[in-house]
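Input: a single structure, listed below in structure tokens.
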Amino acid sequence: MTHGIACGLLTAAVWLLLPARYRRPLPWSPLFIFSLAFFVPLIGAVGVIAAIFPALYLPRKREAQTWQAVGIPDLPFRAQTQLHSPTFGDSGLQDVLRHAPDPDQRLAALLATRRMPGKEAVPILKLALGDPSDDVRLLAYSMLDKQETDINQRIQSSLEQLPGAAPQKAGALHATLARWYWELAYLGLAQGSVQQHVLGQAGEHAEQALKLGEGGELLLLAGRIALERGDVGKARLHMHQAEEAGMDSAKVLPFRAEIAFETGRYAEIPGLLRSLPAQMQQRPPFAGLVRTWT
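Listed below in structure tokens is the structure:
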């Protein structure tokens, strides 16, 4: 009788000390403790105490935490490598310029454009010209001005070498001038009537270089300049000459498709797009065009 009362008291004490999740289900949880203490005299009671109390007061050590929380990093001062499609690579920086309340963040967005291609960086810099912060506007203006000044200095240097140059040297100089004038227009550093003048200069120097024996990539450039100026006939001629000269068709086909569109020869477009290499057909902007036209 005494043994049973002692086991009951021990069971009640141990059961009340158990964590809540171990007290259920009733009555099996306390009955299990009582059975150990009652049916195994002395050793059962000692075993219950030895098994449960150390587990309650000496819990198992937990492993050290292998990660830690960190704050949101600042914008990089260099454009980071893009692992996926770069089509929307500049949209994040434009969003920062439009919506970030902190001028330092907008300045960091401008600095991140220094390692971007000029064609992607110039629209971002132009967007920053309307920023409410003087520091942001001045930085954007200075970066745009530096790009334009560098190109104009190269143009001026080539123009100074042109008078009296031998025909072979003159051809290379005209080709260089065509490329730099085209760069001004292509990057959007010249607009409106200035852009038309720049394209005109690029076209004239390209034609002079071709007459003096230059070719290769210059034929493609001359075609692109003519296409940008709206001279579709001359653009088609130069693209055809570029292909005959051995230019990679993957470089010419997109412009031939554009010429076909401009001249209303829509039936030619699907075939031209299907002739593009498979990799080009899968990346923007050609992926959408191929789906639409084929």
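With the first letter of the sequence shown counted as 1, position 77 gets the number 77 in the UniProt record's numbering; the numbers rise by one all the way through.
From the three backbone atoms N, C-alpha and C, an ideal C-beta is built for every residue, glycine too.
Cα-Cα separation between residue i and residue j, rounded to whole angstroms
| i | j | result |
| --- | --- | --- |
| E148 | V122 | 11 Å |
| L139 | L110 | 8 Å |
| L26 | W67 | 40 Å |
| T87 | G213 | Caution is warranted here: a pLDDT of 34 is assigned to T87, below 50, making its placement in the model unreliable, and the coordinate value is therefore given only provisionally. One C-alpha to the other measures close to 37 Å. |
| N152 | W182 | 12 Å |
| residue 353 | S157 | Not covered by the structure: residue 353. The range shown for the chain is 1 to 294. |
| R224 | V70 | 49 Å |
| L220 | D102 | 45 Å |
| P284 | D248 | 19 Å |
| G216 | A175 | 11 Å |
| L162 | G188 | 26 Å |
| Q282 | K119 | 22 Å |
| K251 | G271 | 15 Å |
| A226 | G233 | 8 Å |
| A267 | L273 | 11 Å |
| W293 | Q241 | 26 Å |
| E258 | I72 | 44 Å |
Simplified DSSP state of residue i, which is helix, strand or coil
| i | result |
| --- | --- |
| D145 | helix |
| R98 | helix |
| M280 | helix |
| T263 | coil |
| Q168 | helix |
| M239 | helix |
| Q191 | coil |
| E214 | coil |
| I124 | helix |
Integer-rounded CB distance, given that residue j should sit under 8 Å from residue i
| i | j | result |
| --- | --- | --- |
| L276 | F286 | 6 Å |
| residue 297 | L210 | Residue 297 lies beyond the residue range present for the chain, which begins at 1 and ends at 294; the question has no answer from this structure. |
| L129 | Q94 | L129 to Q94, Cβ: 13 Å. No contact. |
Exposed unless 16 or more other CB atoms sit within 10 angstroms - verdict on residue i
| i | result |
| --- | --- |
| A178 | buried |
| E244 | exposed |
| D131 | buried |
| H238 | buried |
| L159 | exposed |
| T113 | buried |
| A12 | exposed |
| H99 | exposed |
| V194 | exposed |
Any non-hydrogen atom of the ligand SAH within 8 Å of residue i CB
| i | result |
| --- | --- |
| A140 | For the structure depicted, the ligand SAH is absent and the ligand set is empty, with no information on it obtainable. |
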